[in-house]
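Take numbering that gives the first Met the number 0: the last position of the sequence shown gets the number 251, and nothing is skipped along the way.
Ideal placement from N, C-alpha and C gives every residue a C-beta, glycine not left out.
Fair warning: this is a prediction, and the values are worked out from it, not measured in the lab.
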Amino acid sequence: MSEGATTDAKPQDVALVFVVDHASSFVPDMYDNLGLPPEVFATHVAIDIGAKQVAEGLVARLGGRAVCAKFSRLLIDPNRELWRKNLIPDVSDGIVIAGNQNLSESEKQARIDNFYTPFHQAVDDEINKLLAKGLKPLVVGVHSFTPEMGGEKRPWHIGFMWNDDDRLGLALACAFEQQGKAVGHNLPYGGDDLFHTMMSHGFKRGLLHTQIEVRQDLIGNEDDADHWAELIADALAPFVENPALLSQFEIE
Ligand SMILES: [Zn+2]
Numbered sequence: 000m001s002e003g004a005t006t007d008a009k010p011q012d013v014a015l016v017f018v019v020d021h022a023s024s025f026v027p028d029m030y031d032n033l034g035l036p037p038e039v040f041a042t043h044v045a046i047d048i049g050a051k052q053v054a055e056g057l058v059a060r061l062g063g064r065a066v067c068a069k070f071s072r073l074l075i076d077p078n079r080e081l082w083r084k085n086l087i088p089d090v091s092d093g094i095v096i097a098g099n100q101n102l103s104e105s106e107k108q109a110r111i112d113n114f115y116t117p118f119h120q121a122v123d124d125e126i127n128k129l130l131a132k133g134l135k136p137l138v139v140g141v142h143s144f145t146p147e148m149g150g151e152k153r154p155w156h157i158g159f160m161w162n163d164d165d166r167l168g169l170a171l172a173c174a175f176e177q178q179g180k181a182v183g184h185n186l187p188y189g190g191d192d193l194f195h196t197m198m199s200h201g202f203k204r205g206l207l208h209t210q211i212e213v214r215q216d217l218i219g220n221e222d223d224a225d226h227w228a229e230l231i232a233d234a235l236a237p238f239v240e241n242p243a244l245l246s247q248f249e250i251e
């Protein structure tokens, strides 16, 4: 499937919406880098390294649309419920986020109104467009995770997350296991947490969904990200063409 993957114009009217919550490290100038040194913005603390590139590679191969956040998770994290304490993190992976300390209610609300809500609205808009055309999109979150966290190595190449509906996640996990990859089932994160975007736009709308997590050292440059986009596209393609194939996977 690699031939012409980046040049062919694939149709957008494919029942597929990719969502990349942590696609960007951008923080507007007015926030003065949230008081952080610039190098932090090249790390996982600010962005899911490689995730946007993987999503773009998926769209190039399969069609559909990718909705990518245009702001850093350090400003506000779109994959958190509004009530979560770490919606706007005051500390991330041991780094104190100076610009997020003791925020006023009005500043919190401004970030919700200016960043969080428009992002979720953009996801809704793409899903609504497809539903209006009589298509039931698969909703796929694309993330990346660090090879190590808290001194623990994370051995998985890729992980799939689900909550009450495991169908798409389990199907893709099986496809990667058949290739001999180390696959996390609800690892490195569980679908009972850090799953807000998929619950909102997938589960609650009755749409097949999963959240994909790729280990970031495997997708740290364009070529590697494109390679993993191809692997994921190959695993996903049969279910895009025929979602009924997923009926063999049970809802837990
Ligand atoms: Zn992420």
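- Contact between His208 and Thr145 is absent: CB atoms are separated by about 24 Å, not below the 8 Å threshold.
- Look at His226 here: in three-state DSSP terms it is helix.
- Here DSSP, grouped into helix, strand and coil, assigns His142 to strand.
- Between Leu245 and the set Val53, Ala181, Leu186, Leu171, the nearest pair of CA atoms involves Leu171.
- Burial of Val141 is indicated by the presence of at least 16 other C-beta atoms within 10 angstroms of its C-beta.
- At the C-beta level, Ala50 and Ser24 stay beyond 8 Å of one another.
- Taking 4 residues as the shortest admissible run, the stretch 144 to 184 contains the following complete alpha helix (DSSP H) segments, listed from N- to C-terminal end: 166 to 177.
- Counting along the chain, Gln100 sits inside no alpha helix (DSSP H), nor does DSSP assign it H or E at all.
- With respect to Leu15, Val26 sits apart: the two C-beta atoms are not nearer than 8 Å.
- The beta carbons of Arg214 and Arg153 sit about 7 Å from each other, so the pair counts as a contact at 8 Å.
- Ligand 1 has a heavy atom closer than 7 Å to the beta-carbon of His142.
- Check the Cα spacing between Val95 and each of Pro36, Ile126, Asn241, Asn113: the tightest is with Pro36.
- By a beta-carbon distance limit of 8 Å, Asp20 contacts Asn78. Their separation comes to about 4 Å.
- Between Phe17 and Ala54, the beta carbon gap of about 4 Å places them in contact (Cβ cut-off 8 Å).
- Pro187 and Asp47 have their C-alpha atoms spaced approximately 14 Å apart.
- Going by DSSP, Phe118 is part of the alpha helix (DSSP H) stretching over 116 to 131.
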